[in-house]
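Quick notes on the structure that follows.
2 protein chains.
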Amino acid sequence: MKMSDVAKLANVSTATVSRVISKPNSVSIDKRQRVLDVIKELNYQPHIIARQFKTNKTKTILVVVPDVTSAFFAEVLRGIEHIAIKNDYLVILGNTENKIDTEKKFVNLLPQRQVDGMVMLTARLDKKTLEDLSKKYPLVLACEYIEGLTVPTVSIDNISCARKVTEHLIRLGHTKIAHITGPINVILSRDRLKGYQEAMINNGLDIVKLYIQEGNFCFESGYDQMSKLLALEDRPTAVFIFNDEMAMGAIRAIKDSELNVPEDIAVVSFDNVYMSSVCEPRITTVNQPKYEIGRIAMDLLLKLINGEEVQNSKIILKDELIIRDSCGSRSRQYRVRGEQT
Amino acid sequence: MKMSDVAKLANVSTATVSRVISKPNSVSIDKRQRVLDVIKELNYQPHIIARQFKTNKTKTILVVVPDVTSAFFAEVLRGIEHIAIKNDYLVILGNTENKIDTEKKFVNLLPQRQVDGMVMLTARLDKKTLEDLSKKYPLVLACEYIEGLTVPTVSIDNISCARKVTEHLIRLGHTKIAHITGPINVILSRDRLKGYQEAMINNGLDIVKLYIQEGNFCFESGYDQMSKLLALEDRPTAVFIFNDEMAMGAIRAIKDSELNVPEDIAVVSFDNVYMSSVCEPRITTVNQPKYEIGRIAMDLLLKLINGEEVQNSKIILKDELIIRDSCGSRSRQYRVRGEQT
DNA sequence: AAGATAGTTGAAAGCGATTACGCAATTTGG
DNA sequence: CCAAATTGCGTAATCGCTTTCAACTATCTT
Chain S
1 MKMSDVAKLA NVSTATVSRV ISKPNSVSID KRQRVLDVIK ELNYQPHIIA RQFKTNKTKT
61 ILVVVPDVTS AFFAEVLRGI EHIAIKNDYL VILGNTENKI DTEKKFVNLL PQRQVDGMVM
121 LTARLDKKTL EDLSKKYPLV LACEYIEGLT VPTVSIDNIS CARKVTEHLI RLGHTKIAHI
181 TGPINVILSR DRLKGYQEAM INNGLDIVKL YIQEGNFCFE SGYDQMSKLL ALEDRPTAVF
241 IFNDEMAMGA IRAIKDSELN VPEDIAVVSF DNVYMSSVCE PRITTVNQPK YEIGRIAMDL
301 LLKLINGEEV QNSKIILKDE LIIRDSCGSR SRQYRVRGEQ T
Chain G
342 MKMSDVAKLA NVSTATVSRV ISKPNSVSID KRQRVLDVIK ELNYQPHIIA RQFKTNKTKT
402 ILVVVPDVTS AFFAEVLRGI EHIAIKNDYL VILGNTENKI DTEKKFVNLL PQRQVDGMVM
462 LTARLDKKTL EDLSKKYPLV LACEYIEGLT VPTVSIDNIS CARKVTEHLI RLGHTKIAHI
522 TGPINVILSR DRLKGYQEAM INNGLDIVKL YIQEGNFCFE SGYDQMSKLL ALEDRPTAVF
582 IFNDEMAMGA IRAIKDSELN VPEDIAVVSF DNVYMSSVCE PRITTVNQPK YEIGRIAMDL
642 LLKLINGEEV QNSKIILKDE LIIRDSCGSR SRQYRVRGEQ T
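From first to last, the protein sequence lines stand for chains S and G.
Heads up: the first sequence is residues 1 to 341, going by our numbering.
Heads up: the second sequence is residues 342 to 682, going by our numbering.
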């Protein structure tokens, strides 16, 4: 069942059939109708791969996600899809499970031209690879990024945001503040750590090495690292934790040692995952404009695909600290908003 | 940068280059090396779409997931990918967010031959569509299914498993047992409800209409439906809940009314999501062999793609009731295993 | 009425790979 | 040592579309 079959039955050329499909207005109304009738009659489906081959466009973009399970990324994805669908792009998903090799595999779809562009929600590959890729193909980074790279990027300002979060704890009177980081090879972990350190120093507080523990994003890891902190002789009275999931693990560890959050230990984290608003206690956490990040990233990508010039390709969005119950704020209504850049 | 460029530089025909890539052993060793050198030198990447077009094979399969966020599906996916990668297939993901229209959109990639096959972790389309699709293209259902359909399927026996779960509550002495279902248009919801009803009837217990509430999979919905049950004049002493996520919502509702789980109300559910093993109290729940389901589904799909005959295409796997703390079992070690079919 | 313009249409080229086919060179075996 | 079998390789057709180009018609302009 191919286009020439349709053409024959409708008594026109394949050119006309093709035009009926892609620019119906360029075909006279009677022929158009005849062709459409035949298409319906034969239940003809164009051979998309042939089309892609001929036009050198796939109308497909790939989103590479480090962990498809995370509610955080699901929301970013929704933003991406919203824009993609409006522009007739199909979105396919690559799940790397935080593995660099898998990331490489997906990234390869670009030089193979199986997709027209890519938005990466993870950036663990080395700088040069990414830079080269971005020079040749439409690529935008979102959430994660790489320093000193010209690749278009949309994210929040993790450093200043982490600083703000830490200062929130300081303002509440804490001085012994610990930090559970993400895997330190991930830029986000390093940036949030940096923000934490800046806040400590700016406020004349010592950075205690033992107070900094490296986690790996997941619940158990939060539990384990928190347990280490609890075992310290001089244990902290507050912890800033890389993300909500580890924060939940940490809170569990605190409860298991018969201590209370926030009375004995205050907890703040990042992500504002749904569960963080619903567990006990509700977690004070940073919200990123996830949907917005996705939308803007996809907008950027479309511009790149269409060959438009993209100036100001580093977009920093507003974050928001959502004060809930896990660090005993002075006022439940108090909110610190981030700046837009 | 195309194959003919490589051919020219290596002083061979494109046929030889093509053979070097796909059947290296059919080319003499010196030419092969020459070609490989040129490929490396030019950094040549074959045009995959052109290949797909010519061979009519994409070496890609699509997995359609109702909710990419769910840890449950992530594990099934891992099983699928394991087998797919071993066989040089690329797996792409379609996220329907429980929407039938989106499901339709993805399913369409099959007739358009953008993928070689599909495993669907959701089956909300009507019977005829699915049946027709399956006649023409490689398709397997996993987890969800449709009654009286010849489409290859791998899942657990939800009816008997729900019966077993309900009987577990009955054996613990409960008679006032409620059930929070999933959306009733989803087959899994109907089957688990059926199992619940069978257990009640078999044990001479009345089915109280008010004790059956329809949820929609998510935490809030569990909270809301449980609140309704709690407001009943004669409230149940046990609830069987469609999945862990709603169970967590329900438990929250119970705690919010100053009642205790399992002392005042026992809770059982399905899925054995990680959180269910870690929340308070740890939830007694049904484990499905998720990874196994994925593996077997992909094995089946490969057979279909390769045109092998598939007999016994309805595969039912073992489930397992994991007794934890949310329904106060008599023994923590007690386990009920499902039968293999 | 002649030329200009706009609107429709079909013939055919071509996208970049794979592969059937045939020829030449080499190996095998009796 | 020769016929047969095998191996290695190039020529050219082909996959199913899109799109350029030229032709032809109908409508305007002057």
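The C-beta atom is built at its ideal place from N, Cα and C for all residues, glycine as well.
Keep in mind the model is a prediction, meaning the values are calculated, not measured.
Item: Ordered list of beta strand (DSSP E) runs contained in the segment 366-444 of chain G, each at least 3 residues; Value: 401-406, 431-436
Item: Meets three-Cβ-pair contact criterion under 8 Å: the segment 185-203 of chain S and the segment 158-167 of chain S; Value: yes
Item: H396(G), buried or exposed, once every other Cβ within 10 Å from all chains shown has been counted against 16; Value: What sits at residue 396(G) in the sequence shown is Thr, not His. It is exposed - the Cβ of T396(G) has fewer than 16 other Cβ atoms within 10 Å.
Item: Touch test, the segment 626-643 of chain G against the segment 591-602 of chain G, Cβ-Cβ under 8 Å, three pairs minimum; Value: no
Item: Cross-strand partners of I323(S) (DSSP beta bridge); Value: Note: I323(S) sits in no beta bridge, so no partner.
Item: Heavy atom of the ligand SAM within 8 Å of K164(S) beta-carbon; Value: The ligand SAM is not among the ligands present in this structure, which contains no ligands whatsoever.
Item: Straight-line gap, I21(S) to V119(S) (C-alpha atoms, nearest Å); Value: 29 Å
Item: Reduced DSSP secondary structure (H/G/I, E/B, other) of F581(G); Value: strand
Item: Contact between the segment 124-144 of chain S and the segment 232-243 of chain S (3+ Cβ pairs under 8 Å); Value: no
Item: Supposed close pair N526(G), F558(G) - CB separation, criterion 8 Å; Value: Incorrect: roughly 12 Å between the Cβ atoms, too far for contact.
Item: Alpha carbon of G669(G) to alpha carbon of A607(G), nearest angstrom; Value: 7 Å
Item: Enclosing alpha helix (DSSP H) for F560(G) [first to last residue]; Value: 560-572
Item: Exposure of I421(G), with buried meaning 16 or more beta-carbon neighbours within 10 Å; Value: buried
Item: Per-residue contacts from I49(S) into chain G (C-beta, under 9 Å); Value: I390, Q393, F394, N397, T399, Q453, R454, Q455
Item: Close-in-space but distant-in-sequence residues of the same chain around R623(G) (CB under 8 Å, 5 per side omitted); Value: S617, R665, D666, S667
Item: Interface residues of chain G facing V278(S) [CB-CB closer than 9 Å]; Value: F560, E561, Y564, M589, G590, R593
Item: According to DSSP, residues forming a beta bridge with V267(S); Value: V239(S)
Item: First through last residue of the alpha helix (DSSP H) which encompasses L451(G); Value: From DSSP, L451(G) is part of no alpha helix (DSSP H); its letter is neither H nor E.
Item: Proximity winner among L642(G), M639(G), N647(G), I634(G), relative to F413(G) (alpha-carbon distances); Value: I634(G)
Item: Rounded C-alpha distance that separates K31(S) from V12(S); Value: 8 Å
Item: Closest Cα partner of G249(S) within the set F270(S), L229(S), Y274(S), Y223(S); Value: Y223(S)
Item: Reduced DSSP category for Q538(G) - H, G, I as helix; E, B as strand; rest coil; Value: helix
Item: Exposure of I548(G), with buried meaning 16 or more beta-carbon neighbours within 10 Å; Value: exposed
Item: Buried/exposed call for A356(G), threshold 16 Cβ in 10 Å; Value: exposed
Item: Neighbour flag for N95(S) against chain G, beta carbons, 9 Å; Value: yes
Item: C-beta neighbour in chain S for V409(G), strict 9 Å; Value: yes
Item: One or two residues paired with A142(S) in a DSSP bridge; Value: V154(S)
Item: Chain G within 9 Å of I403(S), Cβ atoms only; Value: Residue 403(S) is absent from the structure shown; chain S starts at 1 and stops at 341.
Item: N543(G), buried or exposed, once every other Cβ within 10 Å from all chains shown has been counted against 16; Value: exposed
Item: Under the three-state DSSP convention, the category H179(S) falls into; Value: strand
Item: Beta carbon proximity, P387(G) to chain S, threshold 9 Å; Value: yes
Item: Within-9 Å CB hit, Y414(S) to chain G; Value: With chain S covering 1 to 341 only, the question about residue 414(S) has no answer from this structure.
Item: Whole-number beta carbon distance between L229(S) and A297(S), since they are thought to touch under 8 Å; Value: That pair is no contact at about 36 Å.
Item: Straight-line gap, V683(G) to E220(S) (C-alpha atoms, nearest Å); Value: This structure leaves residue 683(G) out entirely; chain G is present only between 342 and 682.
Item: Distance, Y478(G) Cα to T401(G) Cα; Value: 13 Å
Item: Residues of its chain near C620(G), where Cβ-Cβ distance is below 8 Å and the 5 sequence neighbours each way are ignored; Value: M589, I592
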